[in-house]
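Numbering (my numbering), first residue to last: 166 to 507.
Heads up: the structure comes next, in structure tokens.
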């Protein structure tokens, strides 16, 4: 066969690329070599490199202890927007959300509690070494409960703790809203008139509140020789509220009958009720702790001594994570210890 005029194509081998040259040296091309030595990365620092800003940790600890961005900003001398930005920066750095934002304050998530446990002692020691004021390192204790109990009993018991550097922020109110605020992080401890439902809040029995039937001496004298239940229903009654919750409960428990009476005076604070009774306005049913001094002095008379007086248990409820603040533990233990003598 005659040769074809079409040139024969032979496979051409491509030359290997020439490595780039810099300063007379050939540079290696390809995937980078694995470093011989890797720096350790903390399990809490998976989204960043290098040390975490100490200010972020201080701000975090303040928010965790106070349960509020606003309160933390006030304690640290920062704006609330700065505190918010620092917490977000720390959350981004750690790759975890630390707090659950709620209507009133914030609640720490489990990882935040763990982090606070690790940071609390070292940061407090650092603050002591650098000479920072204790008030900037140990947060106030946020205590809430019935106004009458905290005024008459609670503050008397806790007052000596001020010399130890304990600071208190006291709020008063009814049990239900106070427990909701506790869940929202606004309080560390709540004195409650019932045990909270569920297992999210830790509650300890604080004591049994006994109720007594009392009047001023002038009324006690008038009642001598009369059938007490009937006579009292025709005398002026001083009560906490229009529906007479405390007095009606006493009547059912002690006399096993319904009360048929209307209040002459209502006052939504049992201390005001006591004042009116002492002034001779009428009779009432009050907690024994509120009447103890007046009964001992004779300014008030006990009208009845039932074998089984009505009692109402009270509980000390603590916010989860609040024990990170050592002063919360001090206040809690002082209240529980003093309750034995109430």
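In this text, a Cβ means the ideal position worked out from N, Cα and C, and glycines have one as well.
Start and end residues, beta strand (DSSP E) containing residue i
i, result
"residue 478", "476-483"
"residue 334", "333-337"
"residue 379", "367-380"
"residue 355", "354-357"
"residue 323", "That residue, residue 323, is in no beta strand (DSSP E); its alpha helix (DSSP H) goes 320-323."
"residue 402", "402-404"
Which of helix, strand or coil DSSP assigns to residue i
i, result
"residue 388", "coil"
"residue 264", "strand"
"residue 307", "strand"
"residue 216", "coil"
"residue 497", "helix"
"residue 504", "helix"
"residue 362", "coil"
"residue 208", "Its pLDDT being 40, under 50, residue 208 is placed unreliably by the model, and nothing is read from it."
"residue 429", "strand"
"residue 487", "helix"
"residue 238", "helix"
"residue 492", "helix"
"residue 227", "helix"
"residue 272", "strand"
"residue 449", "strand"
"residue 468", "coil"
"residue 424", "coil"
"residue 328", "helix"
"residue 233", "coil"
"residue 407", "coil"
"residue 192", "At residue 192, the pLDDT of 46 sits below 50, so the modelled position is not reliable; the number obtained from the coordinates is stated separately. Here residue 192 sits in coil by DSSP."
"residue 203", "With a pLDDT of 27 at residue 203, under the threshold of 50, the modelled position of this residue cannot be trusted; read the value that follows with caution. Of the three classes helix, strand and coil, the one that applies to residue 203 here is coil, per DSSP."
Pick from the options that is closest to residue i, judged by C-alpha positions
i, options, result
"residue 529", "339, 261, 411 and 241", "One cannot answer for residue 529 here, as it falls past the ends of the chain, which runs 166 to 507."
"residue 367", "347, 374, 378 and 380", "347"
"residue 292", "219, 319 and 322", "219"
"residue 229", "254, 244, 290 and 304", "304"
"residue 484", "344, 221 and 416", "344"
"residue 430", "401, 321 and 421", "401"
"residue 476", "498, 414 and 493", "414"
"residue 231", "306, 494 and 290", "306"
"residue 329", "491, 504 and 426", "491"
"residue 432", "266, 255 and 313", "313"
"residue 446", "317, 256, 391 and 428", "428"
"residue 426", "321, 398 and 442", "398"
"residue 493", "290, 317, 327 and 387", "327"
"residue 308", "441, 336 and 317", "336"
"residue 255", "276, 241 and 240", "276"
"residue 504", "394, 390 and 321", "321"
"residue 434", "501, 342 and 316", "316"
Unbroken alpha helix (DSSP H) run spanning residue i, endpoints
i, result
"residue 276", "275-294"
"residue 437", "435-443"
"residue 410", "410-415"
"residue 259", "245-259"
"residue 153", "The shown model of the chain, from 166 to 507, leaves out residue 153, and the question about it has no answer."
"residue 347", "340-348"
"residue 453", "453-462"
CB of residue i within 9 angstroms of CB of residue j, strictly
i, j, result
"residue 278", "residue 486", "yes"
"residue 355", "residue 310", "yes"
"residue 474", "residue 412", "no"
"residue 360", "residue 478", "yes"
"residue 459", "residue 439", "yes"
"residue 507", "residue 338", "no"
"residue 258", "residue 217", "yes"
"residue 383", "residue 496", "no"
"residue 284", "residue 234", "no"
"residue 358", "residue 340", "yes"
"residue 499", "residue 370", "no"
"residue 404", "residue 468", "no"
"residue 489", "residue 295", "no"
"residue 409", "residue 417", "no"
"residue 509", "residue 288", "Any property of residue 509 remains undetermined from this structure, which presents the chain solely from 166 to 507."
"residue 392", "residue 454", "no"
Minimum Cβ-Cβ distance from residue i to chain B less than 9 angstroms
i, result
"residue 455", "Given the protein chain composition of this structure (a single chain), no chain B is represented."
Open item on the list: For the pair the segment 265-275 and the segment 345-364, tell me if three or more CB-CB distances fall below 8 angstroms.
Closed with: Counting C-beta pairs closer than 8 angstroms gives three or more between the segment 265-275 and the segment 345-364, which meets the contact rule.
TODO: Give a yes or no on contact between the segment 248-264 and the segment 454-463, applying the rule of three or more CB pairs nearer than 8 angstroms.
DONE: no
Open item on the list: Quick test of the definition: if touching needs 3 or more C-beta pairs under 8 angstroms, does the segment 443-460 touch the segment 378-396?
Closed with: Yes: at least three Cβ pairs fall under 8 angstroms.
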